[in-house]
Structure formats: C-alpha cells, structure tokens
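So the sequence shown is numbered by our numbering: it starts at 1 and just counts up by one.
Heads up, the beta-carbon is just placed ideally off N, CA and C, and yes, glycines get one too.
Below is one structure, written out as structure tokens; the observations come after it.
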Amino acid sequence: MSPATIAAIRGARHVAVLTGAGISAESGIPTFRDALTGWWARFRPEDLATPEAFQRDPDLVWRWYRERRLRLRDVMPNPGHYALAELARRVPSLTLVTQNVDGLHARAGSADVIELHGNLARVKCFDQGHPAPDFPDTDAVPRCALCGSPLRPDVVWFGELLPADALRRAQAAAGDCDVFLSVGTSNLVEPAASLPWIATRRGVTVMIVNPSATGQSSGPNIHHLAGPAGRVLPELLREAWPG
Ligand code: BJW
1 MSPATIAAIR GARHVAVLTG AGISAESGIP TFRDALTGWW ARFRPEDLAT
51 PEAFQRDPDL VWRWYRERRL RLRDVMPNPG HYALAELARR VPSLTLVTQN
101 VDGLHARAGS ADVIELHGNL ARVKCFDQGH PAPDFPDTDA VPRCALCGSP
151 LRPDVVWFGE LLPADALRRA QAAAGDCDVF LSVGTSNLVE PAASLPWIAT
201 RRGVTVMIVN PSATGQSSGP NIHHLAGPAG RVLPELLREA WPG
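Following this line, the structure appears as structure tokens:
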C-alpha cells in the first residue's frame, strides 16, 4: 500500500465510505453483476427488481427475495465488514453508506449505517407502503393486514426513489469528507454511483477497494487498492495503525 494512501487515511478528519455487493461476496452473498456468480446471471434485473416485474409476477419476485432473506440466516459478516467498524473507531468521523440490503454492516458492529437501497429484512405493502413487521413468511405473496395489498420487500427497485433522508445524508458526507472509500461496487447504478464523483470533484482522496478495475475511474487523487475487501481493508488498518 502506498505511503500516500496510508498518510491520507491516518490524517483523515472525516471518512465517507460507500459499499456495494462486493463487500459481502466473501460472506457468500453473490454480487449482482459478476459473471457466473451474480444474481443477474440467473435473472435479468428488469425481470425481478422493478415495480413492473412485481405487478407482472408477484409470486416469482417474492420467492426470489424470500430465498435471499432466508439465506441471510446462514451468513456472517467478514473481515471487510469488521475492518470498517474498526475504522470508525480510529478516525474522528466516519459516515458509512451502503447500497446493500443484507444488514451485515450493522451485524459487524457499525452504527448508524445509511442504507440507500433499503433492507431485505423489512417488508411493506405495495400500494400504501404500510410496514408489515409480522408478515407470514410464506412461499406465496402475503397480503397487508391494513389494506389487503400484496406485501413486497422494503428495498429500492429500479425507477423508484431512494429514501430522501438517506440520500441527502450520503451526498452531504461526500461533500464534506476528506477521504472517500468506495468498496465493492461496480459504480453503475445511480444515484449512488455519483457519490464518489462529488468527492473527486472536490479534489479529496478517493480510494477504490475492488479486485477489478472494470468501470472504475482513475485520476491523480484516485487510489485503486486492488484485491478483495476482506483482505485489503484489514491490511489498510494494520498499515495505518501498526500494533
Ligand atoms: C469485490 C469483491 C470483493 C467482487 N471485494 N469487491 C442516470 C443515468 C442513467 C440511469 C439513471 C440515472 N439516474 C437513475 C437512473 C436509473 C437507475 C439506474 O441507475 N440505472 C442504471 C443501471 C443505469 N436508477 C434508479 O432507478 C434508482 N432510482 C432513481 O434514481 O430514482 C430517480 C430516477 C428514476 C428513473 C430515472 C431517473 C431518476 C434506483 C436504483 C435501485 C437499485 N436497486 C438494486 C436492487 C436493490 C434490491 C435488491 O437487493 O434486490 O440495488 S439494483 C442492484 O444494483 C442493487 C445494488 O445495490 C445496486 C448496485 O450494485 P453493486 O452493489 O455495485 O453490485 P455489482 O454486482 O454491480 O458490483 C459488485 C462489485 O464488487 C464489482 O465491481 C466486483 O468487481 C466487486 N467485487 N468481489 C471487493 N471480494
């Protein structure tokens, strides 16, 4: 790891972190777009992650999310998640923003995680957005106890607005940080993909943790820390704070 990278993280006042599916890959959760292993290798996003797909075939979409929700019971946070929780204790201020819906950051001990795309564990109704904390976990789509509309996962699908407060806080962090850490995201899906740009335009240090350089930007203040997050993030901590 370069001395400039180490110096930047050690001297940071406010670190903003954006994570994507890649940080949970080493926990055994498939990413969205990696060939062969990704969810999209089995299904096209427009078949599953849109309101139109749900209206067309609610049982199919419900089952896909149910399978993913059940699988979460068998997975654990990995050293990448734990390293970010530890980093928050090392720097004066850290804002953790995630596109993931798996809840693994919170399980690793990160507090106040900003979830841009919702959370797989939560369910709400399709028509009114009524929360359904005690939904029956059936194979066929259950109905809202209040209005009878079908229940759906409380996640953000294509064409839907992100939770306004979460997005505002994420953009504010990108506009205020002095180090921006982008971990395990292909940077394809807006508006999350624009967050690193807010930081880059301000000339602050941007670190990209990803085994692949595909789709990632380069520039004088962009440091690519190539490798899996579960190895690179603990290494970054060890080198910045030896012992
Ligand atoms: C590792 C690793 C390891 C592997 N360690 N790394 C502007 C221009 C064009 C289009 C738009 C635009 N603004 C909005 C849009 C439309 C759309 C969009 O962005 N489309 C693009 C595809 C072009 N955006 C939206 O619709 C958003 N809403 C919105 O903007 O509302 C206003 C609006 C609407 C319409 C028009 C204009 C404005 C909503 C987006 C919601 C995204 N939802 C999903 C599903 C969530 C629920 C679920 O989980 O099922 O969110 S899609 C999916 O992609 C999921 C993810 O959070 C998201 C991002 O994926 P991510 O995390 O980057 O994963 P991958 O698989 O892509 O990448 C993994 C990476 O990890 C890779 O780089 C690997 O190399 C790496 N990796 N192993 C570290 N061990």
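Check: residue i C-beta below 6 Å from any heavy atom of the ligand BJW
i, result
"Pro228", "yes"
"His117", "yes"
"Glu190", "yes"
"Phe43", "no"
"Ser98", "It should be pointed out that residue 98 corresponds to Thr in this sequence rather than to Ser. The answer is no for Thr98."
"Asn210", "yes"
"Ser24", "no"
CB-CB length for residue i against residue j, believed under 8 Å
i, j, result
"Val183", "Thr19", "5 Å"
"Arg13", "Asp127", "Not really, about 45 Å apart at Cβ, beyond 8 Å."
"Thr205", "Ala8", "4 Å"
"Glu235", "Met1", "7 Å"
Residue j beta carbon less than 7 Å from that of residue i
i, j, result
"Trp197", "Ala49", "no"
"Thr95", "Glu115", "no"
"Glu86", "Leu181", "no"
"Leu151", "Ala170", "no"
"Ile222", "Asp102", "no"
"Pro153", "Leu120", "yes"
"Gly38", "Gly230", "no"
"Asp47", "Ala53", "yes"
"Pro58", "Val141", "yes"
Simplified DSSP assignment, three categories, for residue i
i, result
"Val123", "strand"
"Arg50", "Note on identity: in this sequence residue 50 is Thr, with Arg being the wrong assignment. Of the three classes helix, strand and coil, the one that applies to Thr50 here is coil, per DSSP."
"Asp102", "coil"
"Thr19", "strand"
"Asp74", "helix"
"Glu235", "helix"
"Leu96", "strand"
"Glu86", "helix"
"Arg42", "coil"
"Val141", "coil"
"Ser24", "helix"
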